[in-house]
Each structure stands twice: as C-alpha cells, then as structure tokens.
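Per numbering that gives the first Met the number 0, numbering of the sequence shown is gapless, rising by one per residue and ending at 228. Where is the CB? At the ideal position from N, CA and C, for every residue including glycine. See below for the structure under consideration.
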Amino acid sequence: MAHPSQLGFQDAASPIMEELLHFHDHAIMIVFLISALVLYIISLMMSTKLTHTNTMDAQEVEMIWTVLPAVILILIALPSLRILYLMDEINNPHLTIKALGHQWYWSYEYTDYEDLMFDSYMIPTQELKPGFFRLLEVDHHMVVPMESPIRMLISAEDVLHSWAVPALGIKTDAIPGRLNQTTFITSHPGLFYGQCSEICGSNHSFMPIVVEAVPLNNFESWSTLMLTA
Numbered sequence: 000m001a002h003p004s005q006l007g008f009q010d011a012a013s014p015i016m017e018e019l020l021h022f023h024d025h026a027i028m029i030v031f032l033i034s035a036l037v038l039y040i041i042s043l044m045m046s047t048k049l050t051h052t053n054t055m056d057a058q059e060v061e062m063i064w065t066v067l068p069a070v071i072l073i074l075i076a077l078p079s080l081r082i083l084y085l086m087d088e089i090n091n092p093h094l095t096i097k098a099l100g101h102q103w104y105w106s107y108e109y110t111d112y113e114d115l116m117f118d119s120y121m122i123p124t125q126e127l128k129p130g131f132f133r134l135l136e137v138d139h140h141m142v143v144p145m146e147s148p149i150r151m152l153i154s155a156e157d158v159l160h161s162w163a164v165p166a167l168g169i170k171t172d173a174i175p176g177r178l179n180q181t182t183f184i185t186s187h188p189g190l191f192y193g194q195c196s197e198i199c200g201s202n203h204s205f206m207p208i209v210v211e212a213v214p215l216n217n218f219e220s221w222s223t224l225m226l227t228a
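Shown next, in the form of structure tokens:
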C-alpha cells in the first residue's frame, strides 16, 4: 500500500499492474531523453555567439523534427495498445464477483454461489484496533483466491462511483443501470486497499475497498463459513 512521501506507484500485486509499471518506466525514460536533448540544445544556443538568423530553409532539419516525433509516438503507442488489449481480455475466470456501489458503501455478490453476498462499510476511526489503517479498513473484506482469474462486474445503485485498487491496476467506473467488467489475478497473498475514485457525495472519502487474497484452501473455508453463518 501507499506510504508517506511516496513518489512512485504502489508495488504491483497483479500481472497487469506489473505491465503498467514497466510502461511507466518506458515512457519516463523517453521523456528524460527528450528533456536532456532540449536542454542541451538550449545551452548550446545560449553559450555560442554564432547564430543563423539568415537561414530560411533547412530541409534536413525539418525532416528530422517531423519524423523523429512520429517515431517516438509509435514507441509509446505500441506497448500502450498491448496493455489495453491485455486489460480487456477475459479468459475463463475462476470466480465472478459483482460489486455494487452505494452512498456510501460497497456490496459484493459472489455469483458462483447461491447466497454469498454482503455489504462492506468503513470502520469508524473511534472503532479502529491497533495496527488498523484510518479511513481504509472495512468490516468485511472482499476475499479472493490468489493466482486465480477473477472477473469483476461493477455497477452502482444510486450515483456514479468508481471501484479502484491501485496495487491491482484496476479502476472501473460504477454507473447506475450499466454493468462494467474487468478482470485481475493476484500474484501473491495479502491485503490490497483501494477507494472510490469518483466524487459521489459528502461521504465520498469514506467508502474504502479492501481485497484480501488468500490461498485456495483458505478461500474455500471462508466461503463455507460465510454460507453457513
């Protein structure tokens, strides 16, 4: 999860987030190279007394500054399109979960089970236990088996919401009357925190998301306990 004074992204907890981090590093490297080149040219122009005020035409220079930006844009676009394709690809999910946004909490329904659903509310500050995170803890985690493809069906009951978990590389709008879907695979066990990322009213900041990834055996025990409770 995020920590104070953090400059970069959260550690990746899914293959998609790892791809996004690699793409971010790729784009930042290109930006740094362009910035260094521009600063070098500016320093040369400021330090030399030779100017070309009488130059009216330079076909070679115009060709370079037309072709080079196009090549750079292609180098950025190709990996970006690949990631977009991977994010939209859904192949044989092992589990489907429907997340419904409300003012101001989330409800979850495990559609592969007959009657496995619950609401997830933020734990108030005065009820937090030692070691809990303020404004991020909820009374019911969304538990998923790790290393399994999970399909999320996301919608809203009242106003626009957004289901976002940065460590998993997920941010999907929850729109009333519309069902959006996304998929993810957790690469290791743990707790992954998120929040509603669409302003949805006065308590927008108080509807966190907690995804708990556990081994398959633990998930089966949890689901059995939830169904018999």
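For residue i, which three-state DSSP category applies?
| i | result |
| --- | --- |
| A228 | coil |
| I174 | coil |
| N216 | helix |
| H203 | helix |
| W221 | helix |
| Y39 | helix |
| M141 | strand |
| H25 | helix |
| L135 | coil |
On the CB-based measure, 16 or more other CB atoms within 10 Å of its CB, does residue i come out buried or exposed?
| i | result |
| --- | --- |
| G7 | exposed |
| M206 | buried |
| S34 | exposed |
| W105 | buried |
| F132 | exposed |
| G130 | exposed |
| H23 | exposed |
| M45 | exposed |
| W64 | exposed |
| I198 | exposed |
| L19 | buried |
In this structure, what does DSSP give as the bridge partners for residue i?
| i | result |
| --- | --- |
| C195 | W162 |
| T95 | R150 |
| L190 | E211 |
| N179 | I153 |
| W105 | G100 and S119 |
| I169 | V164 |
Relative to the alpha-carbon of residue i, which residue among the options has its alpha-carbon at the smallest distance?
| i | options | result |
| --- | --- | --- |
| L167 | Y192, L135, E59 and P92 | Y192 |
| G189 | A57, E146, W64 and P175 | E146 |
| V210 | N202, S186, S201 and L226 | S186 |
| L226 | E108, G200, F183 and L85 | E108 |
| H21 | P214, T110 and S79 | S79 |
| I169 | T124, F183 and I71 | F183 |
State yes or no: is the C-beta of residue i nearer than 7 angstroms to some heavy atom of the ligand ATP?
| i | result |
| --- | --- |
| T124 | Of ligands this structure carries none, so the ligand ATP is not represented either. |
Output yes if chain C places a C-beta closer than 8 angstroms to the C-beta of residue i; else output no.
| i | result |
| --- | --- |
| A98 | Protein chain content of the structure displayed is limited to a single chain, and chain C is not contained in it. |
- So does the stretch 150-161 actually touch the stretch 176-195, counting three or more Cβ pairs closer than 8 angstroms? The stretch 150-161, when compared against the stretch 176-195, does touch it at the 8 angstroms Cβ threshold.
- Message: Under 8 angstroms: do the stretch 28-42 and the stretch 88-105 share three or more Cβ pairs, one atom per stretch?
- Response: The stretch 28-42, when compared against the stretch 88-105, does not touch it at the 8 angstroms Cβ threshold.
- Pairing CB atoms from the stretch 33-50 with CB atoms from the stretch 209-221, are three or more of them under 8 angstroms? Flag = no, the stretch 33-50 and the stretch 209-221 do not touch.
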